[in-house]
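Trainee: My structure is below; once you've seen it, I'll send some questions.
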Amino acid sequence: VLVVSVELDEIRSLSDRILVMFAGRIVGERGPEASEGELGLLMAGVEHREAAE
Numbered sequence: 226v227l228v229v230s231v232e233l234d235e236i237r238s239l240s241d242r243i244l245v246m247f248a249g250r251i252v253g254e255r256g257p258e259a260s261e262g263e264l265g266l267l268m269a270g271v272e273h274r275e276a277a278e
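Throughout the sequence shown, residue numbering follows the working numbering, covering 226 to 278 in sequence.
Here's what the structure looks like:
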């Protein structure tokens with residue numbers, strides 16, 4: 226099942242696995258325990274290693 230939404234609480238409650246796309250490509254895969262901040266950064270195109278710097 227594919228669910229597309231910007232409602233992060235809804236996505237996290239329905240999902241076992243979350244794939245985040247940016248600019249037409251998958252930029253991250255996280256579980257439902259991922260924070261809104263982490264998912265938001267991925268949605269904005271910021272890679273995990275960039276966010277850590």
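C-beta: ideal position from N, C-alpha, C; glycine also. Bear in mind that the values here come from a model prediction, so they are computed numbers and not experimental data.
Determine the direct distance from the alpha carbon of LEU227 to that of GLU261, and round the result to whole angstroms.
Mentor: When rounded, the distance between both Cα atoms is 20 Å.
Trainee: Skipping 5 residues on each side, what residues in its chain have a beta carbon closer than 8 Å to that of GLY265?
Mentor: Result list for GLY265: LEU233, in chain order.
Trainee: I need the boundaries of the beta strand (DSSP E) containing ARG242, first residue and last residue.
Mentor: Premise fails: ARG242 is in no beta strand (DSSP E) and is neither H nor E.
Trainee: Taking 6 Å as the line, does the beta carbon of VAL228 fall inside it for any heavy atom of the ligand SAH?
Mentor: In the structure shown, the ligand SAH is absent, as is every other ligand, since no ligand is present at all.
Trainee: Taking the alpha-carbon of GLU272 as reference, which of GLY256, VAL252, PRO257 and GLU258 has the nearest alpha-carbon?
Mentor: Nearest option by C-alpha distance: VAL252.
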